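The numbering used here puts the first residue of the sequence shown at 9, with every later residue one more than the last. Here a beta-carbon is modelled for each residue, glycine too, at the ideal position from N, C-alpha and C. Just so you know, these numbers come straight off a predicted model, no measurement behind them. Below is one structure, written out as structure tokens; comments come after it.
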Amino acid sequence: MASHISRNMKITKKDNLKAIAYLSDDGSIYEADKRENKQLKFIKQYAKAHGIMIVKIIRRNAMGPMIIEKHIQSIIEFIKKGEANAIIVTEIAKVSRNSIDSYTKVGLINEAGGTVISVMEGILKLPIRRR
9 MASHISRNMK ITKKDNLKAI AYLSDDGSIY EADKRENKQL KFIKQYAKAH GIMIVKIIRR
69 NAMGPMIIEK HIQSIIEFIK KGEANAIIVT EIAKVSRNSI DSYTKVGLIN EAGGTVISVM
129 EGILKLPIRR R
């Protein structure tokens, strides 16, 4: 991940983050549940420690990468409707094909008013000032 995405900003309980947990892993469909459940446990521990409320869980279920795009669009819609204000993942690489894709997803979610939280990388946002 390029260093221009801000990382490790402090999350405080006053942030009142309502997050959608997104579980995603490549590999065998037969092992997907096990790996995604492990991710969910990790995400829940992080969320509890940082006062983040998980309001929805979306699973990739070892489906192809195109399903991630559909899921991200759904998450953006939830954010726009006010049903959530963040997405939480174990790491940004689980939802992105490359750095450009990471920047695009972070930017789209930020533009919708949401926050991207990665358990491994912290809060991810583009350092762009709004006019």
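{"Check": "What's the gap between the Cα of I83 and the Cα of R67?", "Outcome": "12 Å"}
{"Check": "For the beta strand (DSSP E) containing K26, list its first residue and its last residue.", "Outcome": "K26 to L31"}
{"Check": "Who pairs with G59 in a beta bridge, going by DSSP?", "Outcome": "Note: G59 sits in no beta bridge, so no partner."}
{"Check": "Do R105 and P135 have their C-beta atoms within less than 9 Å of each other?", "Outcome": "no"}
{"Check": "Quick one: what does DSSP say A92 is sitting in, helix, strand or coil?", "Outcome": "coil"}
{"Check": "Determine the direct distance from the alpha carbon of G130 to that of A55, and round the result to whole angstroms.", "Outcome": "11 Å"}
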